[in-house]
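Protein chains in written order, with UniProt numbering: chain A, 1 to 418; chain B, 1 to 418. All residues carry an ideal CB built from backbone N, CA and C; glycine is no exception. Before any comments, here is the structure.
2 protein chains.
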Amino acid sequence: MAQGTLLYAQSGGVTAVINATASAVITEARARKIKVLAARNGILGALREELIDTSKESAAAIRALAHTPGGAFGSCRVKLKSLEADRARYERLLAVLKAHDVRWFLYNGGNDSADTALKVSQLAQAFGYPLTCIGVPKTVDNDLAVTDTCPGFGSAAKYTAVSVREAALDVAAMAETSTKVFVYEAMGRHAGWLAAAAGLAGASPDDAPQIILFPERAYDEAAFLAQVKKVVDKVGWCVVVASEGIQHADGRFVADAGGGKDSFGHTQLGGVASYLAGRVKDQLGLKVHWTLPDYLQRSARHIASKTDWEQAQAVGKAAVQLALKGQNAVMPVIVRNSDVPYRWKIEAAPLTKVANHEKKMPANFLRKDGYGITAAARAYLEPLIRGEAYPPFGRDGLPKYVTLKNVAVAAKLPKWEE
Amino acid sequence: MAQGTLLYAQSGGVTAVINATASAVITEARARKIKVLAARNGILGALREELIDTSKESAAAIRALAHTPGGAFGSCRVKLKSLEADRARYERLLAVLKAHDVRWFLYNGGNDSADTALKVSQLAQAFGYPLTCIGVPKTVDNDLAVTDTCPGFGSAAKYTAVSVREAALDVAAMAETSTKVFVYEAMGRHAGWLAAAAGLAGASPDDAPQIILFPERAYDEAAFLAQVKKVVDKVGWCVVVASEGIQHADGRFVADAGGGKDSFGHTQLGGVASYLAGRVKDQLGLKVHWTLPDYLQRSARHIASKTDWEQAQAVGKAAVQLALKGQNAVMPVIVRNSDVPYRWKIEAAPLTKVANHEKKMPANFLRKDGYGITAAARAYLEPLIRGEAYPPFGRDGLPKYVTLKNVAVAAKLPKWEE
Numbered sequence: 001m002a003q004g005t006l007l008y009a010q011s012g013g014v015t016a017v018i019n020a021t022a023s024a025v026i027t028e029a030r031a032r033k034i035k036v037l038a039a040r041n042g043i044l045g046a047l048r049e050e051l052i053d054t055s056k057e058s059a060a061a062i063r064a065l066a067h068t069p070g071g072a073f074g075s076c077r078v079k080l081k082s083l084e085a086d087r088a089r090y091e092r093l094l095a096v097l098k099a100h101d102v103r104w105f106l107y108n109g110g111n112d113s114a115d116t117a118l119k120v121s122q123l124a125q126a127f128g129y130p131l132t133c134i135g136v137p138k139t140v141d142n143d144l145a146v147t148d149t150c151p152g153f154g155s156a157a158k159y160t161a162v163s164v165r166e167a168a169l170d171v172a173a174m175a176e177t178s179t180k181v182f183v184y185e186a187m188g189r190h191a192g193w194l195a196a197a198a199g200l201a202g203a204s205p206d207d208a209p210q211i212i213l214f215p216e217r218a219y220d221e222a223a224f225l226a227q228v229k230k231v232v233d234k235v236g237w238c239v240v241v242a243s244e245g246i247q248h249a250d251g252r253f254v255a256d257a258g259g260g261k262d263s264f265g266h267t268q269l270g271g272v273a274s275y276l277a278g279r280v281k282d283q284l285g286l287k288v289h290w291t292l293p294d295y296l297q298r299s300a301r302h303i304a305s306k307t308d309w310e311q312a313q314a315v316g317k318a319a320v321q322l323a324l325k326g327q328n329a330v331m332p333v334i335v336r337n338s339d340v341p342y343r344w345k346i347e348a349a350p351l352t353k354v355a356n357h358e359k360k361m362p363a364n365f366l367r368k369d370g371y372g373i374t375a376a377a378r379a380y381l382e383p384l385i386r387g388e389a390y391p392p393f394g395r396d397g398l399p400k401y402v403t404l405k406n407v408a409v410a411a412k413l414p415k416w417e418e
Numbered sequence: 001m002a003q004g005t006l007l008y009a010q011s012g013g014v015t016a017v018i019n020a021t022a023s024a025v026i027t028e029a030r031a032r033k034i035k036v037l038a039a040r041n042g043i044l045g046a047l048r049e050e051l052i053d054t055s056k057e058s059a060a061a062i063r064a065l066a067h068t069p070g071g072a073f074g075s076c077r078v079k080l081k082s083l084e085a086d087r088a089r090y091e092r093l094l095a096v097l098k099a100h101d102v103r104w105f106l107y108n109g110g111n112d113s114a115d116t117a118l119k120v121s122q123l124a125q126a127f128g129y130p131l132t133c134i135g136v137p138k139t140v141d142n143d144l145a146v147t148d149t150c151p152g153f154g155s156a157a158k159y160t161a162v163s164v165r166e167a168a169l170d171v172a173a174m175a176e177t178s179t180k181v182f183v184y185e186a187m188g189r190h191a192g193w194l195a196a197a198a199g200l201a202g203a204s205p206d207d208a209p210q211i212i213l214f215p216e217r218a219y220d221e222a223a224f225l226a227q228v229k230k231v232v233d234k235v236g237w238c239v240v241v242a243s244e245g246i247q248h249a250d251g252r253f254v255a256d257a258g259g260g261k262d263s264f265g266h267t268q269l270g271g272v273a274s275y276l277a278g279r280v281k282d283q284l285g286l287k288v289h290w291t292l293p294d295y296l297q298r299s300a301r302h303i304a305s306k307t308d309w310e311q312a313q314a315v316g317k318a319a320v321q322l323a324l325k326g327q328n329a330v331m332p333v334i335v336r337n338s339d340v341p342y343r344w345k346i347e348a349a350p351l352t353k354v355a356n357h358e359k360k361m362p363a364n365f366l367r368k369d370g371y372g373i374t375a376a377a378r379a380y381l382e383p384l385i386r387g388e389a390y391p392p393f394g395r396d397g398l399p400k401y402v403t404l405k406n407v408a409v410a411a412k413l414p415k416w417e418e
């Protein structure tokens with residue numbers, strides 16, 4: 001074994017392929033005789049010194065990790081603040097890294113994680129501790145700056161497009177005497193990337209989804225209902241895909257309209273699809289069904305995109321290579337060379353350009369009427385859902401997902417308390 | 001071409017594999033030189049004399065039909081009443097069948113369709129018209145009598161078990177700092193077959209889903225919440241699968257508890273998962289997510305069960321064979337010869353034994369505490385989700401589902417008005 005260890009941690013909402021990145025990190029490090037520790041529950045495990053010795057996992061388990069959704073070491077939703085505001089935590093982090101001779105820190109997450117990795121690297125430099133920090137991209141929200149796309153997005157996008165195409169065939173068959181409108185709620189609080197991906201399900205404006213509602217456009221109820229009616233009159237039925245983040249012109253989230261309390265004082269959990277379905281029922285008198293796939297859309301490894309899966313592994317492998325070359329404070333990002341044929345490569349981008357930035361959907365991706373996607377959006381999105389990367393299935397009809405042993409490393413420091 | 005035509009119609013909620021049955025019907029009939037008409041939108045098309053000439057479809061299209069979800073000719077939710085109460089409709093039906101020289105009528109649906117097929121056959125006999133009526137089984141609800149299982153159920157069951165397993169990995173990864181409870185709402189108004197299928201996702205009581213709520217047991221809120229707390233305390237998180245049909249001890253549907261009107265007088269669409277999630281949040285103070293897959297679960301052809309797909313085709317093929325043998329008023333049903341190895345065959349059952357009966361889940365399928373399934377349930381369910389029957393995918397990353405031409409046959413009778 002070479003001197004020093006590599007610490008890998010997962011952060012934020014997990015995806016269908018973040019473990020593929022983890023698998024690639026471990027595989028690449030093993031090939032180079034580097035010991036890999038993983039933090040339990042992301043940065044929390046690093047702070048708590050709850051570390052996992054990945055060398056206890058078999059090669060078969062690490063291979064299986066590449067087709068297992070979820071976050072094998074646990075993730076967390078913990079955002080570290082500025083170096084000044086959160087100095088104690090950053091220093092504790094550095095102390096843990098030192099105690100375990102961590103020379104390479106790979107943080108697999110979104111904007112916040114890139115920011116954390118950047119700050120840890122700055123602190124290490126200030127203390128003269130030789131540490132290379134790498135941000136590794138991941139998010140179904142597809143909102144990371146610099147990188148052409150984010151591992152995790154392509155698979156969620158494929159799930160969305162496939163599910164919408166399938167449900168639309170159901171609705172079309174039932175519309176004469178039953179459901180005429182179907183509403184699908186897609187993740188995306190700030191940007192409509194996944195809603196846009198649903199647009200891949202249909203080729204013409206009369207194909208489902210006939211209406212997509214994006215957070216990039218103000219929700220105009222009268223216009224929306226008129227559009228639904230127009231589509232039902234013409235096509236006989238209508239599939240609506242709505243981003244969870246759509247807002248009224250005054251900035252109120254539509255999702256907050258439902259919910260509240262019922263007459264018993266019970267919390268009513270609403271959501272965009274439920275709200276829109278209610279309006280269609282009330283105002284248009286049409287039979288309506290709706291779906292909230294929620295976590296299913298980001299964990300659906302069974303319908304992962306091959307492109308996405310390959311990119312998730314590529315950023316993991318590149319992260320180790322960049323780390324070992326000592327390229328500090330960078331993120332391996334996906335660069336698109338061409339749409340047709342689709343060609344991409346990995347490059348290193350400075351974390352300063354990624355941290356705390358948010359990629360918006362380009363304005364030319366939305367159709368003029370705001371209810372669909374343009375050819376430019378298709379050209380961007382389509383390669384990302386291309387190819388199938390099925391997990392192996394067992395004789396029991398279920399995917400063979402691995403559960404790691406996650407053997408703890410003995411702690412060397414006093415217990416940490418916030 | 002032989003004398004006489006065969007009329008095929010789809011009824012009720014469609015499934016991921018009802019078109020596989022249609023494909024098998026047409027393929028088998030073509031091999032025997034029998035002309036197949038299909039009714040547009042089920043029995044409605046037969047009443048309205050809106051018939052489709054399937055001979056206009058290419059062999060490739062009929063092959064592709066076998067991997068296309070939805071209902072290719074349209075389905076409907078129309079229940080014919082008794083012969084006495086609905087005599088005019090039955091007589092019109094017979095008139096249409098006669099006008100198109102229909103000698104074999106195949107009705108692909110559930111209990112109601114079996115009943116309709118039975119009554120049409122009785123009326124034809126009364127009028128001395130030579131007609132063979134066959135009911136062809138289909139329903140994700142798995143509630144048809146006599147048959148061991150219903151085509152459509154196995155694929156929805158596989159979707160359910162796979163989705164729950166995947167979402168559980170997501171929840172497990174996030175539980176330390178985020179979502180601790182996840183609620184999945186499964187179809188099943190009267191029987192908990194699909195909720196039971198979710199139980200296949202885990203092998204031990206600590207595996208997800210740790211709690212299943214069945215319509216077969218009264219919903220006891222205090223006991224449920226206590227169980228959620230117990231699981232979260234032990235496992236760290238909890239996945240709940242709830243049948244849409246669960247009821248309070250007094251018979252009120254839990255799904256009806258949410259909903260109602262908001263302060264603007266807008267309809268609030270509730271549902272079981274949304275309600276349960278609200279209770280978990282209010283009473284236990286735990287972060288909760290929930291999903292309502294709705295139509296996604298019954299249209300998910302991309303994760304169809306191979307067993308189910310084969311059985312859907314087998315009943316279609318057998319239906320044609322039975323029809324041509326003149327076996328009137330029967331349904332090809334699936335008979336299970338053994339669990340291990342799983343062996344099944346097709347037999348003919350009299351429609352009188354299927355019509356208007358409903359198969360309940362056996363009492364010994366539910367664990368004593370009512371929150372899980374037994375080994376007997378597993379032995380029954382597991383073969384039904386076995387095997388994958390992926391549809392072909394295009395270069396665009398989407399499944400290649402076919403849209404038929406559905407060429408109309410010229411009407412021979414006056415327009416029909418109810």
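Collapsing the DSSP output to three states places Ala-85 (chain A) in coil. Per DSSP, the unbroken alpha helix (DSSP H) holding Lys-119 (chain B) starts and ends at 111-126.
In the assembly as shown, Thr-352 (chain A) is an exposed residue. Its beta-carbon has fewer than 16 other beta-carbons within 10 Å.
At least 7 Å separates the beta-carbon of Ala-20 (chain B) from that of Ile-134 (chain B). Counting along the chain, the unbroken beta strand (DSSP E) around Lys-35 (chain A) starts and ends at 35-39. Here the alpha carbons of Tyr-401 (chain A) and Ser-299 (chain A) stand approximately 12 Å from one another.
Shortest Cα-Cα distance from Ile-26 (chain B) to any of B:His-100, B:Trp-104, B:Glu-244, B:Asn-111 involves B:Trp-104.
In the three-state DSSP reduction, Tyr-371 (chain A) falls in the coil class, being neither helix nor strand.
At least one CB of chain B lies nearer than 7 Å to the CB of Tyr-295 (chain A).
The DSSP-derived three-state label of Gln-247 (chain B) is strand.
Using a CB distance cut-off of 7 Å, Asp-143 (chain B) does not count as an interface residue toward chain A. When DSSP states are grouped into helix, strand and coil, Leu-384 (chain B) belongs to the helix group.
One thing to note: Thr-5 (chain B) has its Cβ within 7 Å of the Cβ of Leu-37 (chain B). In the displayed model, Val-17 (chain B) falls within coil according to three-state DSSP, outside both helix and strand.
Separation of Asn-406 (chain A) and Thr-54 (chain A) (C-alpha to C-alpha, rounded to the nearest whole angstrom) is 7 Å. DSSP places Thr-54 (chain A) in no alpha helix (DSSP H); its state is neither H nor E. For Ala-198 (chain A), the closest of A:Ser-163, A:Tyr-90, A:Ala-172, A:Ala-222 by C-alpha to C-alpha distance is A:Ser-163. Counting along the chain, Glu-185 (chain B) sits inside the beta strand (DSSP E) bounded by residues 181-186. With contacts defined by Cβ atoms closer than 7 Å, Leu-322 (chain A) and Ala-304 (chain A) do not form a contacting pair. When DSSP states are grouped into helix, strand and coil, Glu-347 (chain B) belongs to the strand group. Relative to Tyr-342 (chain A), the option among B:Asp-396, B:His-357, B:Asp-86, B:Ala-314 whose CA is nearest is B:Asp-396. Looking at the backbone, the Cα of Ser-274 (chain A) and that of Tyr-184 (chain A) are separated by about 9 Å.
Any Cβ of chain A closer than 7 Å to the Cβ of Asp-396 (chain B) would place that residue at the interface, and such an atom is present. With a cutoff of 7 Å on beta-carbon distance, Ala-117 (chain B) and Pro-69 (chain B) are scored as not near each other. In this structure, Trp-237 (chain A) and Val-280 (chain A) do not form a Cβ contact; the two beta carbons are roughly 12 Å apart against a cut-off of 8 Å. When secondary structure is reduced to three states using DSSP, Met-174 (chain B) falls in the helix class. Residue environment for Asp-308 (chain B): buried (at least 16 other C-beta atoms within 10 angstroms of its C-beta). Judged by beta-carbon spacing, Ala-255 (chain B) lies within the 7 Å limit of Val-272 (chain B), meaning their Cβ atoms are closer than that value.
In chain order, Asp-141, Leu-194, Ala-195, Pro-215, Ser-243, Glu-244, Gly-245 place their CB closer than 8 Å to the CB of Gly-188 (chain A), counting only its own chain and leaving out the 5 sequence neighbours on each side. Judged by DSSP secondary structure, Val-407 (chain A) falls outside any alpha helix (DSSP H); it is assigned neither H nor E. Under the Cβ criterion (8 Å, minimum of three pairs), the segment 118-130 of chain B counts as touching the segment 84-94 of chain B.
Beta bridge pairing from DSSP links Tyr-275 (chain B) with no other residue.
Leaving aside the five residues that flank His-248 (chain B) on each side, the residues in its chain whose CB is nearer than 7 Å to its CB run, in chain order, Ala-218, Tyr-219, Val-254.
Residue environment: Ser-75 (chain A) is assigned as buried (16 or more neighbouring CB atoms within 10 Å of its CB, all protein chains considered). Residue pairing from DSSP places Ala-9 (chain B) in a beta bridge opposite B:Tyr-107. The Cβ atoms of Leu-106 (chain A) and Val-136 (chain A) sit closer than 7 Å to each other.
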